[in-house]
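Residue numbering for the sequence shown is 33 to 321, as defined by the numbering used here. A virtual CB, placed ideally from N, CA and C, is assigned to each residue, including glycine. It should be emphasised that the depicted structure is a prediction, and the values quoted were computed from it without experimental measurement. Everything below concerns the one structure shown next.
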Amino acid sequence: MSYRLILTLALAVCAGRAQSVSVKWEELTGPDFVKALEQAKATCLLPFGIVEKHGPAGPLGTDLINVRYASLNAAKQEYALVFPEYYFGQIFEAKHQPGTIAYSDHLQFELLQETTAEMARNGCKKIIIVNGHGGNNALLQYFVHVQIEHAKGYVVYSFSNTGGPEPTGAAAPSRPGVDGHAGEGELSNVMASRPDLVHPERASSESGADQKRLDLPPGMSTGITWYSRFPNHYQGDAAGANAARGEASMKVLIGRIANAIRAAKADENSLKLQNEFQERATHPLDTKQ
Numbered sequence: 033m034s035y036r037l038i039l040t041l042a043l044a045v046c047a048g049r050a051q052s053v054s055v056k057w058e059e060l061t062g063p064d065f066v067k068a069l070e071q072a073k074a075t076c077l078l079p080f081g082i083v084e085k086h087g088p089a090g091p092l093g094t095d096l097i098n099v100r101y102a103s104l105n106a107a108k109q110e111y112a113l114v115f116p117e118y119y120f121g122q123i124f125e126a127k128h129q130p131g132t133i134a135y136s137d138h139l140q141f142e143l144l145q146e147t148t149a150e151m152a153r154n155g156c157k158k159i160i161i162v163n164g165h166g167g168n169n170a171l172l173q174y175f176v177h178v179q180i181e182h183a184k185g186y187v188v189y190s191f192s193n194t195g196g197p198e199p200t201g202a203a204a205p206s207r208p209g210v211d212g213h214a215g216e217g218e219l220s221n222v223m224a225s226r227p228d229l230v231h232p233e234r235a236s237s238e239s240g241a242d243q244k245r246l247d248l249p250p251g252m253s254t255g256i257t258w259y260s261r262f263p264n265h266y267q268g269d270a271a272g273a274n275a276a277r278g279e280a281s282m283k284v285l286i287g288r289i290a291n292a293i294r295a296a297k298a299d300e301n302s303l304k305l306q307n308e309f310q311e312r313a314t315h316p317l318d319t320k321q
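Here you go:
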């Protein structure tokens, strides 16, 4: 056996061992955690789901299951550490439905602040909150904005699974109007991530139609708007959900998250600008006018 072949095999074994380190935070030993953080270049994911009713056909943890599935697979493509299951978000609009876990507003914010701070204390200098639940959008927008209130030695990014292009090809809906909360798209994704938990045959047992019970102009809403439209906590029609669509959709999302990880790793400016901002905020009268 030639020296070159031996060297090639040895490098392949070493690479395999490096990749064998789990992306799951909770599965690592203390020593392996240190190695994993180095391999991740201090970049960590916080998949953010929720526990709420998903119509008559989907599991309560649909958003959590889907966002973790996508995040874990993305982290295997572009290595990053993935925080354990996190579902402490905003879901007051589903409190009337069984199984919903709705934490108080102040606890949602405080727990997210404490969690990201603890991630940073453990070496995560670039934290990507991967949002899998539409009800968290406003919470995360506010949370990310207020991170510059005080100086921090780390950066918090927010990534939404709803910000991509319109689905096409195999990822496209079977017909207009079937997507939405617990609709065809979301349940197709679960059929890719956890097919044993989906019951599309039950999709027509409740209505996912907009009830249109409020008469407000465009751009105007109230806290009860969602309930007024979808009291069954179901939007669209999941009867056509299928694994092929879910797999195609998940492939796109996994790729987007992997790209976000790469972007965070390459980002050298956010922390520099945060530090620059904090220095100027401490002495605002010195800022050139």
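Query raised in the report: What residue ranges within the segment 64-120 form continuous alpha helix (DSSP H) runs of no fewer than 4 residues, ordered along the chain?
Result: 94-109
Query - Cβ shell of K157 (< 6 Å), same chain only, five flanking positions each side left out - result: A74 and Y186
**Report entry** beta strand (DSSP E) runs wholly inside the segment 243-302, at least 3 long, in chain order
**Finding:** none
Report task. Please classify K184: does DSSP put it in a helix, a strand, or coil? Result -> coil
Query raised in the report: If Y118 and L78 are in contact, beta carbons under 8 Å, what's the gap, nearest whole angstrom?
Result: 6 Å
Query raised in the report: Three or more C-beta pairs closer than 8 Å, one from the segment 145-160 and one from the segment 86-100: is that the case here?
Result: no
Requested in this report: Output the boundary residues of the beta strand (DSSP E) element that contains V178.
Outcome: Careful: V178 lies outside any beta strand (DSSP E) and carries neither H nor E.
Query raised in the report: What is the C-beta distance between E125 and G62, in whole angstroms, given that I count them as a contact (C-beta under 8 Å)?
Result: Actually they are not in contact, since the Cβ atoms of E125 and G62 sit about 41 Å apart, beyond 8 Å.
Query raised in the report: Using CA coordinates, which residue listed in G278, P232, Y174 and V55 is at the minimum distance from L113?
Result: V55
Query - Between the CA atoms of G212 and A241 - distance to the nearest angstrom - result: 10 Å
Query raised in the report: Span of the beta strand (DSSP E) holding V162?
Result: K158 to N163
Report task. Quick one: residues in its chain with C-beta nearer than 7 Å to the C-beta of A202, no 5 flanking neighbours on either side, listed in chain order? Result -> A276, R277 and A280
Query - Given K184 as reference, the closest of L305, W57, L317 and K320 once Cα atoms are compared - result: L305
Query - Cα-Cα separation, L317 to F309 - result: 13 Å
Query raised in the report: CB-CB under 7 Å to S236, same chain, minus the five flanking residues each way: which ones, in chain order?
Result: A271
**Report entry** Extent of the continuous alpha helix (DSSP H) to which Q145 belongs
**Finding:** D137 to R153
Report task. Out of T314, V188 and P250, point me to the one whose CA is closest to N301's CA. Result -> V188
Query - Enclosing alpha helix (DSSP H) for S220 [first to last residue] - result: E216 to S225
**Report entry** Cα-Cα separation between T132 and E238, rounded to whole angstroms
**Finding:** 18 Å
Query - Identified DSSP bridge partners for S192 - result: N163
Requested in this report: Flag this pair as yes or no: are the beta carbons of F120 and Q140 separated by less than 8 Å?
Outcome: yes
Query raised in the report: What do you get for G251, buried or exposed, if any count of 16 or more other CB atoms within 10 angstroms of its CB means buried?
Result: exposed
Requested in this report: Take N274 and list the residues in its own chain whose beta-carbon comes closer than 7 Å to its own, dropping the five residues that flank it on each side.
Outcome: S220 and M223
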